[in-house]
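Trainee:
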Amino acid sequence: MHPFLRTYRDGHVERLVPATFVPASEAPGASGVATRDVVIDPATGVSVRLFLSISAVVSTGKRLPLVVYFHGGAFCTGSAFSEVFHRYAASMSARAGAVVVSVEYRLAPEHPVPAAYDDAWVALRWAASRSDPWLAYHAHPTTMFLAGDSAGANIAHAMAARVAASAEDGIDIEGMVLLHPFFWGTERLPFETDRHDDGPLFSPEFVDTLWPFLTAGAAGNDDPRINPPAEHVASLPCRRALVAVASKDVVRDRGRRYAALLRRGRLRREVTLVESQGTDHGFHLYRPECASAVALMDRVAEFVNGCRSAAAVVPPPLETTPEPDLEMAGTTTQSSSSRALSTRKRPHLPLIICPKCFRHTVYEREVKTDEHGNRGRIFFTCPARKRDGNGSCDFWEWEEGYVQELEKLRGTMDPQENERPGGSEVEVQAGKKKRNGERDISADISALVRIGREIVFLLKYLVLCWLVVFICLVYHVLMTME
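Just so you know, we're using numbering that gives the first Met the number 0 here: the sequence shown kicks off at 0 and counts up by one.
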């Protein structure tokens, strides 16, 4: 099965496609995306990698579209944890402003098809339940997309078909994103019979051998899973679909045919066909910076955001969160200048996802006690924080510290804002001037506070000196009277 793998007589399988695995990180990087791995079924190894766009959570203040993504690799290679698919899912999360669930499923030939379908179904039901905190807090309850490339696009189609057949409650599919979908059949379509000087990456003869191999000889190329009938495609339960094909790809005509069948359905769904000229199968994964790949990602992001009717993210009810006390309020005595700043009219600060646990939205509270002079001060804390210190998160900041957290996050978001399509250079420069002006004002306020503190210190010193002089005079008068 070159170029994917080599099988030996003893059953050993050697995968020839090199893969570099990258770990998940709950700390968002320059892209503003946090990642986390979840094992769904330890028995089969079904797991997912979650991608959460912290930048989108902060900038929109709303729940995000949910994208369940299945990686490609001809059902026999690839991983949700490999660098190439991690990079693509993270880019999709950042560019589309979405929560992405990238599924790790079992591969053939060790686990022949339908193992991949079964694993994908388990992962889809788990994602639809939104039992994970990231999904419960940040994924929109009715806006879910199925997405995949190559074999992953085939799996996305199969999951939509299974939803239609099972009438599974709680799985509502807004749309599908199928990139270079892997479909085939015994009857050749026009592009599959033509001979080209610059031929496709995979020959039709090679693709002919794939499906029988992946199913361990149990099915041929007219299997409805690889060559879906028109009535199956037309009845899929999605309102919108984006199908992307590459002009030099051997399965190009299969994708075109699939998009045409989707349009014939009774649902009058919105179907978008995107064809990248001069490209071949999976080019967007291995050359993500090329113009065609960037344009394709723009179309995907635009398609996902076309549904953006997201509801605002609502923090947990206040009665379920801890009340501030001496331990939460800290032990630092508040100065008169700080108290004046906290009690005057303040600008509204956005409530962001907790920068420590990345699971809950922080909330704003006001100190109600008089201890340490902190009454009226504003602080921000994670709902998972407990008074006794046994909570699952310990994030807590005074208003000044919270502003610093926002500045850190803004620093990771600025590069993306500058690269945002449609933003002119004048707009970018204006944004920079505005932020610089805000920083200048903050610096002026800090300088005034320092000067005020020095003046207060001098006044205290003068009062103390006058008090000493007064005591000396009184003592002298008393001694004279004696």
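The beta carbon of each residue, even a glycine, is placed where N, CA and C say it ideally should be. Note that the structure is predicted; figures quoted are calculated from it, not measured.
1. For Asp148 versus Leu235, is the C-beta distance shorter than 8 Å?
2. Please classify Val38: is it buried, with 16 or more other beta-carbons within 10 angstroms of its beta-carbon, or exposed?
3. Can you check whether the CB of Gly44 is closer than 8 Å to the CB of Arg496?
4. Mind checking whether Arg298 and Val273 have CB atoms under 8 Å apart?
5. Could you tell me which uninterrupted alpha helix (DSSP H) segments, each at least 4 residues in length, are contained entirely in the region 38–64, listed from first to last along the chain?
6. With distances taken from CA atoms, which of Asp279, Ala89, Thr278 is nearest Gly29?
7. With C-beta atoms as the reference, is Gly277 less than 8 Å away from Ser246?
8. With respect to the alpha helix (DSSP H) encompassing Val121, which residues constitute its N-terminal and C-terminal limits?
9. Taking Cβ positions, are Ser78 and Phe84 nearer each other than 8 Å?
10. Helix, strand or coil, according to DSSP, for His483 in the structure here?
11. On the premise that Ala164 lies in contact with Val67, defined as a C-beta separation below 8 Å, what is that separation, rounded to the nearest angstrom?
12. State buried or exposed for Arg265, treating a residue as buried only when at least 16 other CB atoms are found within 10 Å of its CB.
13. Could you tell me the boundaries of the alpha helix (DSSP H) in which Tyr285 lies?
14. From this set, Glu82, Phe469, Ile53, Val232, which residue's C-alpha is nearest Ala258's C-alpha?
15. Smallest Cα separation from Met175: which of Glu186, Ala160, Trp183?
16. Would you report the Cα separation of Ser24 and Ser101, rounded to the nearest angstrom?
17. Compare the C-beta of Leu145 with all C-beta atoms of chain B and state if any pair is closer than 8 Å.
18. Put Glu82 into one of helix, strand or coil per three-state DSSP.
19. When you compare the CB positions of Ser123 and Ala97, do they come within less than 8 Å of one another, or not?
20. Looking at the unbroken alpha helix (DSSP H) that takes in Thr486, where does it start and where does it end?
21. Among the residues of its own chain, which have a CB less than 6 Å from the CB of Val162, if the five just before and after it don't count?
22. Quick check on this structure: which residue in Ser54, Ala42, Gly372, Thr19 has the alpha carbon closest to the alpha carbon of Ala26?
23. Of all the alpha helix (DSSP H) runs that stay within the bounds of the region 146–233, which reach a length of 4 or more residues?
24. For a quick check, are the C-beta atoms of Val366 and Phe379 less than 8 Å apart?
25. Return yes when the C-beta of Gly147 is under 7 Å from any heavy atom of the ligand NAP, and no when it is not.
26. Please state whether the Cβ-Cβ distance between Pro108 and Ala243 is less than 8 Å.
27. Is Phe394 helix, strand or coil when you go by DSSP?
28. Going by DSSP, which residues form a beta bridge with Ile470?
29. List the endpoints of the continuous alpha helix (DSSP H) containing Val299.
30. Which of the three DSSP states, helix, strand or coil, is assigned to Cys356?
31. I'd like the span of the alpha helix (DSSP H) that includes Leu261, first residue to last.
32. Kindly indicate which three-state DSSP category Glu109 falls into: helix, strand or coil?
33. Near Phe50, what residues of its chain come up, given a Cβ to Cβ distance below 6 Å and the 5 sequence neighbours on each side ignored?
34. Given Arg286, which residues of its chain have a CB within under 7 Å of its CB, disregarding the five upstream and five downstream residues?
35. What is the DSSP secondary structure of Tyr460, counted as helix, strand or coil?
36. For Phe74, which residues from the same chain have a beta carbon less than 7 Å from its beta carbon, with the 5 sequence-adjacent residues on both sides left out?
Mentor: Let me spell this out:
1. Asp148 places its beta carbon 8 Å or farther from that of Leu235.
2. Val38 should be labelled exposed.
3. In the structure as shown, the chain begins at 0 and stops at 481. Residue 496 is therefore absent and cannot be evaluated.
4. Yes, the pair counts as a contact, with Cβ atoms nearer than the cut-off.
5. Those alpha helix (DSSP H) runs which fall completely within the region 38–64 and span 4+ residues are 53–59.
6. Checking the sequence shown, residue 29 turns out to be Ala, not Gly. Selected option, being the one with the closest Cα: Ala89.
7. Closer than 8 Å, so yes.
8. Per DSSP, the unbroken alpha helix (DSSP H) holding Val121 starts and ends at 114–128.
9. Contact: yes.
10. Look at the range of the chain in this structure, 0 to 481, and you will see that residue 483 is not part of it.
11. Actually they are not in contact, since the Cβ atoms of Val67 and Ala164 sit about 18 Å apart, beyond 8 Å.
12. Burial call: exposed.
13. Where Tyr285 is concerned, the enclosing alpha helix (DSSP H) stretches over 282–285.
14. Shortest Cα-Cα distance from Ala258 to any of Glu82, Phe469, Ile53, Val232 involves Val232.
15. Nearest option by C-alpha distance: Ala160.
16. Going by the C-alpha atoms only, they are around 15 Å apart.
17. You won't find chain B in this structure, because it holds only one protein chain.
18. The three-state reading of DSSP puts Glu82 in helix, counting H, G and I together.
19. Sequence inspection shows Leu at residue 123; the Ser mentioned does not correspond to that position. For Leu123 and Ala97, no; Cβs fall outside 8 Å.
20. Past the boundaries of the shown model lies residue 486; the chain is included only from 0 to 481, so the question cannot be answered.
21. The residues are Ile170, Pro236.
22. Among Ser54, Ala42, Gly372, Thr19, the Cα nearest to that of Ala26 is on Ser54.
23. As far as the region 146–233 is concerned, its whole alpha helix (DSSP H) runs of at least 4 residues are 150–165, 189–192, 203–213, 229–233.
24. Contact flag unset, no.
25. Absence of the ligand NAP is noted for the structure shown, with no ligands found whatsoever.
26. It is not a contact, given that the beta carbons lie outside the stated cut-off.
27. Under the three-state reduction of DSSP, Phe394 is assigned to coil, being neither helix nor strand.
28. BP columns for Ile470 are empty, so no partner.
29. Boundaries of the alpha helix (DSSP H) around Val299: 290–304.
30. Note: Cys356 maps to coil in three-state DSSP.
31. From DSSP, the alpha helix (DSSP H) with Leu261 extends over 251–262.
32. If DSSP states are grouped into helix, strand and coil, Glu109 belongs with coil.
33. Cβ within range, chain order: Val32, Thr34, Ala88, Ala89, Ser92, Val99.
34. Answer for Arg286: Ala292, listed in chain order.
35. Of the three classes helix, strand and coil, the one that applies to Tyr460 here is helix, per DSSP.
36. If we look at Phe74 and ignore the five residues flanking it on each side, its Cβ neighbours are Leu106, Ala107, Val112, Ala115, Ala150, Leu213.
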